[in-house]
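According to the UniProt record's numbering, the sequence shown is numbered sequentially starting from 1.
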Amino acid sequence: MAHLFRDLSLGHSKRESTPPPPPLQTKPPPMPTNKLTPTDLRSPLGQLASQLTDSDLRLTAYDVFLAVCRTSASKPLSTSASSISDSPSQNSPGQNHNHSPSSPALQRSLTSAAASKMKKALGLKSPGSKKSPGSAPGSGQGKSKRPTTVGELMRIQMRVPESVDARVRRALLRIGGGLVGRRIESVVLPLELLQQLKQSDFSDQQEYDAWQKRNLRVLEAGLLLHPRVPLDKSNNASQRLRQIIHAALDRPIETGKNNESMQVLRSAVMSLASRSDGSLSDSCHWADCIPLNLRLYEMLLETCFDINDETSIVEEVDELMEQIKKTWVILGINQMLHNLCFAWVLFHRFVSTGQVEMDLLYAADGQLAEVAKDAKTTRDPEYSKILSSTLSSILGWAEKRLLAYHDTFDSGNVYTMQGIVSLGVSAAKVLVEDVSTEYRRKRKEVDVGRNRIDTYIRSSLRTAFAQASLYYLMEKADSSRRASKNQPNPLPVLAILAKDVGELAVHEKQVFSPILKGWHPLAAGVAVATLHSCYANEIKQFISGITELTPDAVQVLRAADKLEKDLVQIAVEDAVDSDDGGKAIIREMPPYEAETAIANLVKGWIKTRLDRLKEWVDRNLQQEVWNPQANQEGYALSAVETLRIIDETLDAFFQLPIPAHPALLPDVIVGLDKCLQYYVIKAKSGCASRNTYIPTMPALTRCEIGSKFQGVWKKKEKSQNTQKRNSQVATMNGDKSFGIPQLCVRINTLHHIRSEMDVLEKRIVTHLRNCESAHLEDFSNGLSKRFELTPAACVEGVQQLSEAVAYRIVFHDLSHVLWDGLYVGEPSSSRIDPLLQELEQNLLVISETVHDRVRTRIITDIMKASCDGFLLVLLAGGPSRAFSRQDSQIIEDDFKALKDLFWANGDGLPADLIDKFSATVRDVLPLFRTDTESLIERFKRVTLEAYGSSARSRLPLPPTSGQWNPTEPNTLLRVLCYRNDEAASRFLKKTYNLPKKL
């Protein structure tokens, strides 16, 4: 102990070197007993097998103390009463106070001016203004004095009456007379006291009997029950001593004389006490055996505490401790045992006084630092056993509070937590590093402090979470009962639990983590990782049981997601200075996947809605008749309903209580887009196309000169061609839903859907603006809010249906006046007027049926189809048609009439649009005015240009491309084929041997 005080600088205590607790430093009232009750700690120094009480041990310890201090100087001992009178209550009436002078050791004068180096080293406070030892209530009627000698101080501290002190001192004077040349440890003190004191030295028989029994039991404990040197079972002295003690306990022996009973007792005692323990000293071994010596020494160390202030050490502790250490020779104590015992005494005093005086706890922790040094220097089995027992007791007490520190500490006592943690960690370090045989064998590099703190954090938070979960289970049962009674349910209990766990994490970070961070740099991270793991078990079980999207499910999942983000944020902030940046802690926190669970539930909700919508589209399209009179707008009612359902689906989606509308919106739009595209595709299916109605061009022939009806088709040939063309449109003719008015309704419908796409997209943006989770980038990224498939499908569908309407009218509905009538036979007698009349009627029907925005497109397609039909009659009309150069004027006049129909005196198509789509006809018509020789020469030239030198020997027959052009060989050839001219007929006969009829 002495070297401890030398090593510690004055005024620099363990308490001062330990990081201070967090700001709750104003010492509050004692902590509630339901938090830290001072448990009845059993002494780890060992339990005596004899019936010695604490009072017996205290008196025996005082005997030893007086004995060693008496022999520490050559002058005889005397009572301290000559210096100070004790209180009247402690004096026996008529007591003789004639005492001889005290020894210097006991008589040393005590002054309050000298500051205690030991107290400063340990950081312990002085009693202050409280009463000093010896000034007990009622003593001296206000004339009490401070003790002026160490001996007097010890008597008062050990609560020994002055009469007892005087009696022991008288006996020690007599004993000292016989110790010529011998030390006090060479005698058995209880035996010598029995030899010197007789019944008359006591005030009454009862006091005498108690004194005798105490000394006999001490002999029994030191020599028989806990001997320094193990006893042989056949040892006669031990058997004889046991019989003497048992007999004396029943019937007291006569002491104070050299009678036979005392001689027998002395013989037995000395025979056992003088046995050698292997040392060369002449010491008697009666009080140097564990646990008797440690319990006696514990009593002596307890005297360091002020009897009037149990949490304070007396000012004179330096001198007191100096004298106490002189008992080591009798008690067999060394510095290591002293350090361990004093650590225990400090700790036990802290616990037994209500755990409010932190100085005691810090002093005990500081003393453990010395114990730790000692433990590394010895492997003594007896010391290791006591060390393990003492530290286990301290650690057990600390861990009982730290393994559930949320139950132990609150704002009123959290200031004690740092000291308790430090003490527990110090004890654990010694146990693991110096006592554990496994550790010594493996020599593992273990951070004991960090590991213990890790354990405390995880254990305490699991306990706190379990308590919250128990509440959750009770709330769940209450919720079920309310549901059975049709009562409204409050917030889902798992959402409440998430909120409570979040608050617990914040409290942990603010209150406990700053304390624990001194031993574990990631204290807050470990805490939130533990809470994350605890809540994970609950939320994963909840997620596995969710089958549909409900408000409760969304609330719980949103609460879980928020909790997880908060916990991860705390972990990241706590690990900002760590080596790995907190990666190890984050790895302990696998995601709850709450957002994924919400997304999956929403996707399931979306799929259900879309499946229903598709079923509805199929069912209603089967029933749709495309009636132009169904509504004023002229589009299908099924489209109106489809768009209404889509609008309702979007409204329902944005009303879902989820945080990720922007993230999941693309899934909704893609699904709705596909459903609308499906509607468009179904709406245009079966409506044929442009190529369905264009007739097959007949084989090339040459005109038969001189007949008005040259090369007229046979009826069979004509009927076969008509049958072939009509078979392609049989489906439309047999189904009223594919008539021209119905096709116009389909066009209107697709146009309406296309225009509604813009409206839907604007409505989506409005929804997003009202969405709490939307961000700026959600508005800037327009692609995620657009319908892509449906607009393109609508454009393509309108184009297909418009062309189908145009070519059906021209080549199917008006085939009798175009293909079968125009210019058949004599051109002058079969002109274009009938075609124009019927075409005008169809244009009126279409103008009244289709929407304004698509009307121009359809009429333009009809004009294109009319021009294509006009050219097809001129260039591929078959052998029933033949044209002379004089017929060119008729053809040009008819073509002008056709254009005028579409121009309608400026009320029809724009002139530039008419010019654009009639350009091909306009370019080809001059060929019908050109003379035959020039046509033949032009044909040869362009053919040679197209085919090169290989065409010089024989002109190849140019294929039909359908792209009519005045410079294209096939176009020139066809003009020659239909030229009612001998030169043309000869050229075709000679060059290609074309027939005059099919």
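Don't be surprised by glycine CBs; every beta carbon is placed ideally from N, CA and C.
Kindly indicate which residue of Arg182, Phe512 and Gln800 has the alpha-carbon position closest to the one of asparagine 691. Of the candidates Arg182, Phe512 and Gln800, the one whose C-alpha sits nearest the C-alpha of asparagine 691 is Gln800.
Just to confirm my understanding: we take residue 999, look at its own chain, exclude 5 residues before and 5 after, and list those with CB closer than 7 Å. What are they? Lying outside 1 to 998, the shown extent of the chain, residue 999 is not represented and no answer is given.
Assuming tyrosine 679 is part of the alpha helix (DSSP H), what are its boundary residues? First-last of the alpha helix (DSSP H) with tyrosine 679: 661-684.
Cα-Cα separation between lysine 120 and serine 422, rounded to whole angstroms: When rounded, the distance between both Cα atoms is 20 Å.
Helix, strand or coil: how does DSSP classify isoleucine 313 here? DSSP places isoleucine 313 in strand when its eight states are reduced to three.
So, is glutamine 195 buried or exposed, given that buried needs 16 or more other C-beta atoms within 10 angstroms? Around the beta carbon of glutamine 195, a 10 Å sphere encloses 16 or more other beta carbons of the protein chains shown; the residue is thus reported as buried.
Straight-line gap, arginine 169 to glycine 256 (C-alpha atoms, nearest Å): Taking the straight line joining both Cα atoms gives about 15 Å.
Measuring only the C-alpha atoms, how far is glycine 908 from serine 802? One C-alpha to the other measures close to 17 Å.
Hey, is the segment 568-585 in contact with the segment 521-539, meaning 3+ C-beta pairs nearer than 8 Å? Judged by Cβ distances under 8 Å, the segment 568-585 makes contact with the segment 521-539, as three or more pairs qualify.
Could you tell me how far apart the beta carbons of residue 1049 and aspartate 667 are, in whole angstroms, since I believe they sit closer than 8 Å? As shown, the chain starts at 1 and ends at 998. That puts residue 1049 outside it, with no answer to give.
Among Leu957, Gly948, Tyr823 and Glu933, the one whose alpha carbon lies nearest that of residue 1006: Since the first residue shown for the chain is 1 and the last is 998, residue 1006 is missing from the structure and cannot be characterised.
Let me know the secondary structure DSSP gives threonine 932 once reduced to three states. Note: threonine 932 maps to helix in three-state DSSP.
Is the segment 443-463 in contact with the segment 385-403, if contact means three or more CB pairs nearer than 8 Å? Output reads yes: the segment 385-403 touches the segment 443-463.
Which partner residues of arginine 881 appear in the DSSP bridge assignment? When beta bridges are read from the DSSP output, arginine 881 appears opposite Gly825.
Can you tell me which residues form a DSSP beta bridge with arginine 979? Per DSSP, Phe883.
To the nearest angstrom, how far is it from the Cα of serine 87 to the Cα of isoleucine 156? In this prediction, serine 87 scores a pLDDT of 38, lower than 50, which makes its location untrustworthy; the coordinate-derived value is nonetheless stated afterwards. Whole-angstrom Cα-Cα distance: 11 Å.
Residues of its chain near alanine 865, where Cβ-Cβ distance is below 6 Å and the 5 sequence neighbours each way are ignored: Around alanine 865: Ala806, Tyr807 and Val810.
Unbroken alpha helix (DSSP H) runs of length 4 or more, entirely within the UniProt domain "MHD1" (554-697): which are they? If we require 4 residues or more, the alpha helix (DSSP H) runs fully inside the UniProt domain "MHD1" (554-697) come out as 583-587, 594-623, 637-655, 661-684 and 690-693.
Glycine 46 burial status per 10 Å Cβ neighbour count (16 or more: buried): The residue in question, glycine 46, is buried, as its Cβ has 16 or more Cβ neighbours within 10 Å.
For leucine 844, count neighbouring C-beta atoms within 10 Å of its own C-beta (all shown protein chains included) and say buried if the count is 16 or more, exposed if not. Leucine 844 comes out exposed.
Measuring CA to CA, which of Pro521, Arg182 and Gly178 is closest to valine 576? Selected option, being the one with the closest Cα: Pro521.
So for lysine 708, helix, strand or coil by DSSP? At lysine 708 the pLDDT is 44, less than 50, meaning the model places this residue with poor confidence; the figure from the coordinates comes in the next sentence. Lysine 708 falls in the coil class under three-state DSSP.
Pick from Leu403, Met474, Tyr415 and Asp434 that is closest to serine 460, judged by C-alpha positions: The shortest Cα separation from serine 460 among Leu403, Met474, Tyr415 and Asp434 belongs to Leu403.
For aspartate 566, tell me which candidate among Ala498, Arg612 and Tyr635 has the shortest Cα-Cα distance. When each option's Cα is compared against that of aspartate 566, the closest is Ala498.
Please name the residue or residues paired with phenylalanine 305 in a DSSP beta bridge. The partner list for phenylalanine 305 (beta bridge, DSSP) reads Ile313.
Exposed or buried, what is arginine 979 when buried is set at 16 or more other beta-carbons lying within 10 Å of its beta-carbon? Residue burial is scored here from C-beta neighbours: arginine 979 has at least 16 other C-beta atoms within 10 angstroms and is therefore classed as buried.
So, with DSSP's three-state summary, where would you put methionine 158? Residue state, collapsed to three classes: coil.
Is the separation between the beta-carbon of valine 625 and that of tyrosine 678 shorter than 9 Å? In this structure, valine 625 sits away from tyrosine 678, with a CB-CB distance that is not shorter than 9 Å.
Alpha carbon to alpha carbon, how far is serine 888 from arginine 941? Straight-line Cα distance between these residues: approximately 23 Å.
Do you know offhand how far proline 28's Cα is from threonine 390's? Legend: pLDDT at proline 28 = 36, less than 50; position of this residue unreliable, no value from coordinates given.
Measuring alpha carbon to alpha carbon, tell me which residue in Trp964, Ala911 and Glu937 is nearest leucine 925. Cα-wise, what sits closest to leucine 925 is Trp964.
So, does the segment 742-758 touch the segment 810-819, judging by three or more C-beta pairs under 8 Å? Result no; under three Cβ-Cβ pairs closer than 8 Å.
Assigned exposure category for leucine 241 - 16 Cβ within 10 Å defines buried: Burial call: buried.
If we call anything under 9 Å between Cβ atoms a contact, is leucine 272 one with alanine 237? Judged by beta-carbon spacing, alanine 237 lies within the 9 Å limit of leucine 272, meaning their Cβ atoms are closer than that value.
When we look at the beta-carbon of glutamine 367 and count the other beta-carbons within 10 Å, is it buried (16 or more) or exposed? The residue in question, glutamine 367, is buried, as its Cβ has 16 or more Cβ neighbours within 10 Å.
Could you tell me the alpha carbon to alpha carbon distance between arginine 952 and aspartate 923, rounded to whole angstroms? Take the alpha-carbon of arginine 952 and the one of aspartate 923: they are about 28 Å apart.
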